[in-house]
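Residue numbers (my numbering): 148 to 482.
Even for Gly, the Cβ is constructed at its ideal location relative to N, Cα and C.
From a predicted model like this one, the values you see are computed outputs, not experimental measurements.
Below is one structure, written out as structure tokens, with a few remarks after it.
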């Protein structure tokens, strides 16, 4: 936004030397009366410059660039999307925070243009009426009623700042009864999480898809999670990749049990696959879905479509490690 604004000012700015020469009557086309130029008031010059100055176009350009990036963030994954937006701005909502700034400026320019048109029409109408009555028509219509009226109209037409859309967007994430694609936990699932202090040991370590509700394990359940944030980025990349891609092979792949024992993972947080924004959860963490829990797992609790299982497929597991094990690569009980 700042860059486009500066470019606009640079291109529109007149040469100060040319302007001074023109006012001093030193230019080739200055054959007007010098006495008239000296008698022109500063107010007249200001008004003529204000009327001649066009509305800026850089806010529209800034908004168009950000709108294009928002559309790209919602598009399927591609090399261009990754190159321009990774890692932070792949989430379109983060671009929208900047886009709102450009939109505010664009709306201000639009309101100013509408006010200018209405004010000019009102002024001409007043002058015509006064001229017809033989009165002094050197009058200008007030601006504040127009500004107030246009501002109120914008507020009403935008549903008072699109407050209903904002409420719906928040509800789709945080209201368990109105969850949308970004939602992660229903009422039943939240109840299961709140029971974790009573259904699991204090040193339990929970593995599950963080974007399917398992990220709430630490915040609500009071138990350590292997992936406590929405991302699965930990320092132990090898163990991380094995879990998110091959945990469902726990009965046939001995490496899975090695990681389970090393990290001290005691429980598995199972949830059904579903859409998360513009992709399915299983497409990002395939190893945490379609896990055969008929053997090697004991059901501890359930809530909604989620289930909490105790892992028995790897024999005795010493609880501990959790996310710290990803950093240090060593196991051990926490304080």
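What three-state label does DSSP hand residue i in the structure shown?
i           : result
residue 475 : Reliability of the predicted coordinates at residue 475 is poor, the pLDDT of 46 falling under 50, and no value is obtained from them.
residue 405 : helix
residue 307 : helix
residue 266 : helix
residue 322 : coil
residue 351 : coil
residue 130 : Limits of the chain in this structure are 148 at one end and 482 at the other, which puts residue 130 out of reach.
residue 462 : coil
residue 392 : helix
residue 422 : strand
residue 399 : coil
Counting C-beta neighbours from all protein chains within 10 Å, is the total for residue i 16 or more, i.e. buried, or is it exposed?
i           : result
residue 222 : exposed
residue 309 : exposed
residue 321 : exposed
residue 312 : exposed
residue 220 : buried
residue 410 : buried
Identify which residue in the options has its Cα closest to the Cα of residue i.
i           : options               : result
residue 416 : 388, 255, 370 and 213 : 370
residue 400 : 239, 438 and 210      : 438
residue 333 : 289, 451 and 253      : 451
residue 261 : 284, 252 and 293      : 293
residue 239 : 433, 216, 252 and 227 : 216
residue 296 : 213, 316, 258 and 214 : 258
Going by DSSP, which residues form a beta bridge with residue i?
i           : result
residue 237 : Paired residues: none, contrary to the question.
residue 450 : 453
residue 444 : 458
residue 414 : 353 and 457
residue 102 : Nothing can be reported for residue 102, as the shown portion of the chain is limited to 148 through 482.
residue 427 : 422
Could you tell me the distance, in whole angstroms, from the CA atom of residue i to the CA atom of residue j?
i           : j           : result
residue 467 : residue 404 : 15 angstroms
residue 276 : residue 287 : 12 angstroms
residue 375 : residue 352 : 11 angstroms
residue 427 : residue 345 : 32 angstroms
residue 235 : residue 254 : 27 angstroms
residue 442 : residue 460 : 7 angstroms
residue 435 : residue 343 : 20 angstroms
residue 349 : residue 413 : 11 angstroms
residue 364 : residue 455 : 11 angstroms
residue 465 : residue 406 : 12 angstroms
residue 395 : residue 230 : 32 angstroms
residue 237 : residue 358 : 16 angstroms
residue 433 : residue 392 : 5 angstroms
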